[in-house]
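Numbering (the UniProt record's numbering), first residue to last: 1 to 393.
Positions of the beta carbon are idealized from the N, C-alpha and C atoms, including for glycine.
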Amino acid sequence: MPPALHATEHLETIVRHPPIALWHAVTKPEHLFYWFGDAGEIDLRVGGAFIVHSTFGIRLDTTVERLVEGRRLVLRPTRRGDDARIEFDLVKLSGAETRVCVADPDSENEEPWRSALENLRSVWERGVDLREARIAVMGIGPRDIPQAERPIRGVPAGIGVCLGSVLPGGSAEKAGLKPGDIVISFDGGTVRNGQDLVSLIQRRRPGDVVSCEAVRDGAPISASVTLGSRTGRGEPPPHPDRLVGSLRKAVLESDAKLERAVDGLSDGDAYRPERPGAWSVAQVLAHLSITERMLQCWLDEAARGERAAIDDASCTNPGRIAGVLDGRPTVRELLQRVFRDEVETIALIVHVPESVVSFKPRWGRVAFTALDFHSHSEEHLGQIARIRKAIGA
Numbered sequence: 001m002p003p004a005l006h007a008t009e010h011l012e013t014i015v016r017h018p019p020i021a022l023w024h025a026v027t028k029p030e031h032l033f034y035w036f037g038d039a040g041e042i043d044l045r046v047g048g049a050f051i052v053h054s055t056f057g058i059r060l061d062t063t064v065e066r067l068v069e070g071r072r073l074v075l076r077p078t079r080r081g082d083d084a085r086i087e088f089d090l091v092k093l094s095g096a097e098t099r100v101c102v103a104d105p106d107s108e109n110e111e112p113w114r115s116a117l118e119n120l121r122s123v124w125e126r127g128v129d130l131r132e133a134r135i136a137v138m139g140i141g142p143r144d145i146p147q148a149e150r151p152i153r154g155v156p157a158g159i160g161v162c163l164g165s166v167l168p169g170g171s172a173e174k175a176g177l178k179p180g181d182i183v184i185s186f187d188g189g190t191v192r193n194g195q196d197l198v199s200l201i202q203r204r205r206p207g208d209v210v211s212c213e214a215v216r217d218g219a220p221i222s223a224s225v226t227l228g229s230r231t232g233r234g235e236p237p238p239h240p241d242r243l244v245g246s247l248r249k250a251v252l253e254s255d256a257k258l259e260r261a262v263d264g265l266s267d268g269d270a271y272r273p274e275r276p277g278a279w280s281v282a283q284v285l286a287h288l289s290i291t292e293r294m295l296q297c298w299l300d301e302a303a304r305g306e307r308a309a310i311d312d313a314s315c316t317n318p319g320r321i322a323g324v325l326d327g328r329p330t331v332r333e334l335l336q337r338v339f340r341d342e343v344e345t346i347a348l349i350v351h352v353p354e355s356v357v358s359f360k361p362r363w364g365r366v367a368f369t370a371l372d373f374h375s376h377s378e379e380h381l382g383q384i385a386r387i388r389k390a391i392g393a
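Here it is as structure tokens:
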């Protein structure tokens with residue numbers, strides 16, 4: 001096989017797909033999202049707008065100057081000189097291979113386009129989005145601290161985010177952090193809320209070691225965190241049969257841990273919050289059920305080629321949690337609800353159409369979304385233990 005990328009007057013890569021598939025990759029908003037970035041507006045006709053902002057730092061604020069479907073696209077930047085053009089050429093090779101060529105003469109740095117083309121090849125041939133493989137994670141569920149819970153001993157006013165959950169075996173737990181710790185500084189940056197912390201984490205790469213300053217029970221603590229990567233990233237998504245098998249095994253293990261976490265908890269104590277304004281164990285279980293239902297929606301959206309609108313706020317919405325707890329279901333009833341929702345999620349994956357599985361970019365989105373949440377309940381085991389300790393149950 002020839003080298004993946006070549007730099008001469010342009011950049012190019014060879015992808016094992018026919019030209020029309022790569023044409024769609026370059027011109028369809030859904031397909032651009034899989035490997036390149038967000039399509040603000042695409043009017044695929046001469047004179048039409050072609051506006052795409054990539055995650056590689058490339059901004060295509062352009063209009064279509066020329067197009068030959070399946071073969072050539074010439075874009076005229078709206079903010080450059082009259083002679084500047086961005087050109088995409090698709091050349092059919094033997095078999096089902098296509099040479100994808102990009103010429104951007106005014107680009108100051110070829111590396112963004114080089115990375116973008118490398119990702120195009122990876123996503124279309126293997127279903128691996130290299131952007132996600134490079135995202136660092138800490139294995140936490142941050143929770144913003146409402147004003148009603150402040151002031152907090154040892155925590156400066158206006159800063160800090162609570163670790164609502166810590167994934168067992170994740171980076172945070174390995175560094176000694178626990179649910180309930182309040183992070184006030186990460187990698188030298190002040191942490192005011194959950195978004196601050198997520199942004200600081202995402203500036204780094206898996207394997208980076210960063211300092212974390214937190215407060216536990218009013219006392220300062222320090223931790224060195226070795227950041228990890230998201231589940232399965234960097235490898236092709238598993239075949240549905242293997243994915244379903246691993247999910248079933250993981251869910252059974254997580255369910256057993258969840259049952260042990262609430263063993264002996266009375267139905268009355270399940271509704272007692274850790275402190276005024278904080279969650280009870282019943283609310284945690286309701287949240288797990290809601291998250292599983294939302295996961296089903298996200299998987300369905302991904303399978304239909306839509307962008308999964310993953311939103312943590314939907315899973316912690318007080319009104320939705322109150323709706324699940326209407327009528328005060330017992331601990332056993334709440335557990336059974338969570339378990340039933342998990343079974344329905346796996347059934348949804350079993351019945352994903354073959355047309356989705358065979359299109360690697362889309363199947364990758366479905367499979368990795370499922371893997372991201374397959375052991376979500378384990379992130380809350382420490383939280384449940386902390387609540388039970390606080391209420392003496």
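- The C-beta separation of residue 109 from residue 144 comes to about 37 Å, leaving the pair out of contact by the 8 Å criterion.
- Going by beta carbons, residue 22 and residue 100 fall inside the 9 Å limit.
- For residue 75, the three-state secondary structure derived from DSSP is strand.
- According to DSSP, residue pairing for residue 88 in a beta bridge involves 73 and 102.
- Residue pairing from DSSP places residue 185 in a beta bridge opposite 190 and 213.
- Here the segment 345-365 does not lie against the segment 223-235, with fewer than 3 beta-carbon pairs under 8 Å apart.
- C-alpha of residue 368 to C-alpha of residue 379: approximately 18 Å in a straight line.
- Contact between residue 161 and residue 197 holds, with the beta-carbon distance rounding to 5 Å and staying under 8 Å.
- Apart from the 5 residues on each side of it in sequence, residue 47 sits with its Cβ closer than 7 Å to the Cβ of 63 and 64 in its chain, given in chain order.
- Residue 214 is positioned such that its CB atom lies no closer than 9 Å to that of residue 375.
- Put simply, the backbone Cα of residue 335 is about 36 Å away from that of residue 154.
- Within its own chain, the residues whose Cβ lies closer than 8 Å to the Cβ of residue 132, once the five positions on either side in sequence are excluded, are 230, 233 and 368, listed in chain order.
- For residue 128, no alpha helix (DSSP H) run applies, since DSSP gives it neither H nor E.
- Short of 7 Å from the beta carbon of residue 69, and not among the five residues preceding or following it, lie these beta carbons of its own chain, in chain order: 23.
- Judged by DSSP secondary structure, residue 67 falls within the beta strand (DSSP E) whose first and last residues are 59-68.
- With fewer than 16 neighbouring CB atoms inside 10 Å of its own CB, residue 358 falls in the exposed class.
- Counting along the chain, the unbroken beta strand (DSSP E) around residue 225 starts and ends at 219-226.
- At least 9 Å separates the beta-carbon of residue 244 from that of residue 265.
- Taking C-beta separations shorter than 6 Å and ignoring five residues to either side along the sequence, the partners of residue 298 in its chain run 308, 310 and 369, following chain order.
- Distance from the CA atom of residue 26 to the CA atom of residue 171, rounded to whole angstroms, is 37 Å.
- Of all alpha-carbon atoms in 179, 211 and 203, the one lying nearest the alpha-carbon of residue 188 is that of 211.
- Apart from sequence neighbours up to five positions away, the residues of its chain that approach residue 97 with a beta-carbon distance below 6 Å are 14 and 16, ordered along the chain.
- Only residues of its own chain outside the window of five on either side were considered, and among them 280 and 282 have a CB closer than 6 Å to the CB of residue 271, listed in chain order.
- In this structure, 291 is the residue among 291, 247 and 383 with its C-alpha nearest to the C-alpha of residue 315.
- Per the coordinates, the alpha-carbon of residue 104 lies some 26 Å from the alpha-carbon of residue 361.
- Per DSSP, residue 273 lies in no beta strand (DSSP E) segment and is marked neither H nor E.
- Taken atom to atom, the span from the alpha-carbon of residue 181 to that of residue 216 is near 5 Å.
- Within the same chain, Cβ atoms closer than 7 Å to the Cβ of residue 331 are found at 262, 265, 267 and 270, the five residues on either side in sequence being excluded.
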